[in-house]
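Numbering (my numbering), first residue to last: 25 to 200.
Quick reminder that beta carbons are idealized off the backbone N, C-alpha and C, glycines included.
Quick caveat, the model's predicted, so the values are computed rather than measured.
Here's the structure, in structure tokens; my notes come after.
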């Protein structure tokens, strides 16, 4: 399997692998010397129109990157794993609007199958709800999955990233 990596903060992947295709740019909403849109990046890959897997951790730029991506391109991703940042800002009008639009776009053709709070940065209790600053979401395209019911959390695959206290999401995070 070919693996495409984009990161302007490093010169190369830490591991040398013949299947890696690396570009020293950040993924973003415009094309420039140090940034590339997801659409342009995938166009440059010269691959067929097969399904893709997206893993994204771009430090807060994920919202606008998803919103700027054409729905047709987003639908090519069979699996999407995204670390969403700044969730503690959800009660702010501008952030709420951006986050809501981002999740609505993702949920148009994907379903969230896993949610895990990242304990790297702690959480805030806002209006009685624990909100992690960072949370990891996994989505699967709806044509690839049959939802049979809720799963128990935390999952056996969930693990803390640092020595910080474990974060647990309340049931409100798992409601439709």
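C-alpha gap between residue i and residue j, whole angstroms
i: residue 122; j: residue 84; result: 11 angstroms
i: residue 100; j: residue 93; result: 11 angstroms
i: residue 54; j: residue 68; result: 15 angstroms
i: residue 160; j: residue 189; result: 17 angstroms
i: residue 118; j: residue 110; result: 12 angstroms
i: residue 147; j: residue 157; result: 5 angstroms
i: residue 63; j: residue 38; result: 25 angstroms
i: residue 185; j: residue 145; result: 10 angstroms
i: residue 90; j: residue 187; result: 31 angstroms
i: residue 31; j: residue 46; result: 8 angstroms
i: residue 165; j: residue 74; result: 13 angstroms
Test item: CB-CB of residue i and residue j under 9 angstroms
i: residue 79; j: residue 133; result: no
i: residue 98; j: residue 130; result: yes
i: residue 60; j: residue 81; result: no
i: residue 162; j: residue 139; result: yes
i: residue 48; j: residue 34; result: yes
i: residue 23; j: residue 43; result: Outside the displayed span of the chain (25 to 200) sits residue 23, for which this structure offers no information.
i: residue 114; j: residue 150; result: yes
i: residue 88; j: residue 52; result: yes
i: residue 181; j: residue 143; result: no
The alpha helix (DSSP H) enclosing residue i, as first and last residue numbers
i: residue 28; result: Element bounds for residue 28: not the alpha helix (DSSP H) but the beta strand (DSSP E), 27-30.
i: residue 62; result: 62-67
i: residue 95; result: 95-98
Where the beta strand (DSSP E) containing residue i begins and where it ends
i: residue 147; result: 134-150
i: residue 79; result: 76-80
9 angstroms Cβ cutoff, residue i in contact with chain D
i: residue 113; result: You won't find chain D in this structure, because it holds only one protein chain.
Helix, strand or coil at residue i according to DSSP, with G and I counted as helix
i: residue 45; result: strand
i: residue 88; result: helix
i: residue 105; result: strand
i: residue 160; result: strand
i: residue 128; result: helix
i: residue 153; result: strand
i: residue 51; result: strand
Residue nearest to residue i in terms of C-alpha spacing, selected from the options
i: residue 103; options: 167, 184, 195; result: 167
i: residue 137; options: 116, 169, 119, 110; result: 169
i: residue 154; options: 124, 196, 37; result: 196
i: residue 172; options: 72, 135, 124; result: 135
i: residue 124; options: 141, 86, 152, 143; result: 86
i: residue 199; options: 174, 152, 112; result: 174
i: residue 126; options: 141, 108, 116, 112; result: 108
i: residue 141; options: 152, 179, 128, 56; result: 179
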